[in-house]
Amino acid sequence: MRTVPRKDAAEAFLDTSWGLPHAEEVEVDDPDLPDKLTEWGRLIEIHLNRPKSNPNGKEKSISIKLSGHEQENSHLAFDPTQQDGRLYLVLEEGLHDQMREEFWDKSKMNPRPLWEVARMAGGRHGRRDDYPDVEVKPIGIVTGLMYGRNKRGDDYSWYIHKMGEESGIQPVLTVGNDGRLWIAGGNYQSLIPGITD
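Right under this line is the structure:
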């Protein structure tokens with residue numbers, strides 16, 4: 002099985018869509034993102050475990066669910082030039098304010114460098130130090146990602162990828178002071194069949 006990433010974003014999309022070529026290129030004005038990303042699909046939901054606020058509390062599961070309009074303008078993507086295909090969340094611009102208010106402003110956590118949170122999360126993405134130089138606050142442990150896309154021979158479908166299913170090492174969802182969401186650490190790979198761990 003040949004892995005994706007490769008150097009060419011369009012070729013990576015062709016492989017991961019089972020031969021369906023990309024329909025468009027979207028330009029995102031964000032200097033912290035790689036120059037080219039390959040879309041896995043439109044982002045639908047992020048599933049998380051969050052620690053409870055009191056010291057004796059248990060984790061609680063939450064989902065960040067995007068509305069239909071937000072889904073159309075938000076993407077789950079990967080870097081085709083990075084060895085394991087690091088995942089990125091490209092959100093509709095209006096969602097940044099909501100994410101900042103909900104997860105940055107209300108958090109009592111101290112900001113940390115993104116690479117430091119990745120290192121604490123562990124996994125193949127936790128061993129790398131090539132993250133953007135941004136300060137983030139952890140939101141919770143990513144247990145799953147849901148996205149929608151077309152693939153050849155399969156109409157528009159929703160796909161759910163559980164994180165850490167095999168390795169037990171799950172990435173951390175974080176937020177910057179601009180409301181940008183980042184996935185830190187984890188043991189997943191972006192391969193031709195999909196996101197695997």
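Numbering (the working numbering), first residue to last: 2 to 198.
Think of the CB as a built atom: it goes at the ideal place given N, C-alpha and C, for glycine as much as any other residue.
Just so it is clear, the structure is predicted and the values come from calculations on it, not from any experiment.
Alpha-carbon spacing of residue i relative to residue j, whole angstroms
i, j, result
"His-126", "Phe-104", "23 Å"
"Lys-66", "Asp-9", "31 Å"
"His-97", "Arg-181", "6 Å"
"Leu-174", "Ala-13", "25 Å"
"Thr-197", "Glu-73", "24 Å"
"Met-147", "Glu-102", "23 Å"
"Asp-85", "Pro-112", "26 Å"
"Gly-195", "Met-110", "33 Å"
"Gly-149", "Gln-99", "22 Å"
"Asp-30", "Asp-130", "23 Å"
"Leu-49", "Ala-119", "16 Å"
"Val-5", "Asp-155", "Caution is warranted here: a pLDDT of 46 is assigned to Val-5, below 50, making its placement in the model unreliable, and the coordinate value is therefore given only provisionally. If I take the Cα positions, the gap works out to 20 Å."
"Arg-51", "Ser-64", "10 Å"
"Ser-191", "Arg-43", "16 Å"
"Glu-60", "Asn-151", "34 Å"
Among the options, nearest to residue i - alpha-carbon criterion
i, options, result
"Gly-177", "Asp-156, Val-118, Val-135, Gly-195", "Val-135"
"Leu-115", "Arg-128, Lys-107, Lys-109, Asp-106", "Arg-128"
"Met-121", "Gln-83, Glu-73, Ala-185", "Ala-185"
"Ser-68", "Leu-34, Ile-45, Pro-81", "Ile-45"
"Trp-41", "Tyr-160, Pro-172, Glu-167, Asp-156", "Tyr-160"
"Ser-168", "Lys-107, Thr-144, Asp-130, His-48", "Thr-144"
"Lys-107", "Trp-183, Ser-158, Pro-139, Glu-117", "Pro-139"
"Glu-117", "Ser-64, Ser-158, Trp-183, Glu-93", "Trp-183"
"Pro-172", "Ile-47, Arg-43, Glu-28", "Ile-47"
"Glu-28", "Val-137, Glu-60, Glu-94", "Glu-94"
Beta-carbon proximity of residue i to residue j, cut-off 9 Å
i, j, result
"His-70", "Val-91", "no"
"Leu-88", "Gly-165", "no"
"Gly-124", "Ile-170", "yes"
"Ala-78", "Leu-38", "yes"
"His-162", "Tyr-132", "no"
"Thr-82", "Pro-35", "yes"
"Asp-80", "Ile-193", "no"
One or two residues paired with residue i in a DSSP bridge
i, result
"Glu-46", "Lys-66, Met-147"
"Gly-177", "Val-137"
"Phe-79", "Thr-39, Leu-88"
"Arg-51", "Lys-61"
"Lys-107", "Its beta-bridge partners do not exist; DSSP assigns none."
Range covered by the beta strand (DSSP E) that runs through residue i
i, result
"Gln-190", "190-192"
"Tyr-157", "155-163"
"Ile-196", "195-197"
"Leu-182", "182-185"
Enclosing alpha helix (DSSP H) for residue i [first to last residue]
i, result
"His-126", "That residue, His-126, is in no alpha helix (DSSP H); it is neither H nor E in DSSP."
"Trp-116", "115-122"
"Gly-95", "94-100"
Residue i CB to nearest heavy atom of the ligand SAM below 8 Å
i, result
"Lys-163", "Among the ligands in the structure shown, none appear at all, so the ligand SAM cannot be discussed."
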